[in-house]
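Residue numbers (the working numbering): 598 to 838.
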């Protein structure tokens, strides 16, 4: 007598990561709605200021940074809420981080294309008829058209990657991890600022940044984000589900 054993197909790590990415993207409110509500609110406020305050439209506003700031908060929510659920469902920590990273890369790519289109609309209408600059960031977006999506996307990779270690620290050590990492980061920043001031190097530092150009600078920022994401993996691999 012979028996036929039916075996389920083995899901490869790449497939599991794609599944995680899809699950994370299903949080439509945080991923698809709120980022543009935040950015749209910032734009409306700037438009009102440009209309009501004479000369306010001259120069940039920095309002576009609201999207990047929200993206950091979004990463914290997705990781802290999704990790216990997905790992509890049998997803490996590596697949969780890989899938989350894939979703964030897709988010950055789509957002950069939308920002590029809005940049073009703003330029075409001369700042929505008011002469303002919201999506056209001085120096940073003064690049060839093909580079625009890149210089919009890579800083988002930096922002998301920088948030991952903090979310990972919370998952592993809770408030103690967050406070410790914040204190260590603040200390590094203060020491760095002190060192530059000590050697009177601010002029040279800004000149060096300027010489890099927006594309190279945004690439360096993205690399920092990737390194931060790698650090998050070292923490997450031992975080309790």
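All residues carry an ideal CB built from backbone N, CA and C; glycine is no exception.
Where residue i falls: helix, strand or coil (DSSP)
| i | result |
| --- | --- |
| residue 769 | helix |
| residue 657 | strand |
| residue 775 | helix |
| residue 740 | coil |
| residue 796 | coil |
| residue 821 | helix |
| residue 753 | helix |
| residue 826 | helix |
| residue 853 | This structure cannot speak to residue 853, because the chain is shown only from 598 to 838. |
Residue i: first and last residue of the uninterrupted alpha helix (DSSP H) it sits in
| i | result |
| --- | --- |
| residue 878 | A query on residue 878 cannot be resolved here, the shown segment of the chain reaching from 598 to 838 and no further. |
| residue 726 | It is not in any alpha helix (DSSP H) - residue 726 carries neither H nor E in the DSSP assignment. |
| residue 732 | Here residue 732 belongs to no alpha helix (DSSP H), and DSSP marks it neither H nor E. |
| residue 680 | 662-685 |
| residue 836 | Here residue 836 belongs to no alpha helix (DSSP H), and DSSP marks it neither H nor E. |
| residue 839 | Only positions 598 to 838 of the chain appear in the structure, and residue 839 is not among them; the question remains open. |
Contacts around residue i, its chain only, beta-carbon distance under 8 Å, and the 5 residues preceding and following it disregarded
| i | result |
| --- | --- |
| residue 793 | 799, 802 |
| residue 823 | 754, 758 |
| residue 769 | 832, 833, 835, 836, 837 |
| residue 706 | 746, 750 |
Own chain residues within Cβ distance below 7 Å of residue i, not counting five before or after
| i | result |
| --- | --- |
| residue 712 | 732, 749 |
| residue 725 | 644, 719 |
| residue 654 | 647, 724, 727, 728, 729 |
| residue 746 | 709, 710, 713 |
| residue 816 | 751 |
| residue 614 | 692, 695, 696, 699 |
| residue 683 | 617, 620, 693 |
6 Å Cβ shell around residue i - same chain, five flanking residues per side excluded
| i | result |
| --- | --- |
| residue 618 | 696, 699, 700 |
| residue 673 | 760, 764 |
| residue 676 | 764 |
| residue 735 | 657 |
| residue 811 | 737, 740, 748 |
Check: residue i C-beta below 8 Å from any heavy atom of the ligand GDP
| i | result |
| --- | --- |
| residue 814 | Among the components of this structure there are no ligands whatsoever, and the ligand GDP is therefore not found. |
Burial state of residue i, where buried means 16 or more other Cβ atoms lie within 10 Å
| i | result |
| --- | --- |
| residue 827 | exposed |
| residue 767 | buried |
| residue 821 | exposed |
| residue 625 | exposed |
| residue 808 | exposed |
| residue 638 | exposed |
| residue 623 | exposed |
| residue 819 | buried |
| residue 776 | exposed |
Three or more C-beta pairs closer than 8 Å, one from the stretch 656-676 and one from the stretch 627-636: is that the case here?
yes
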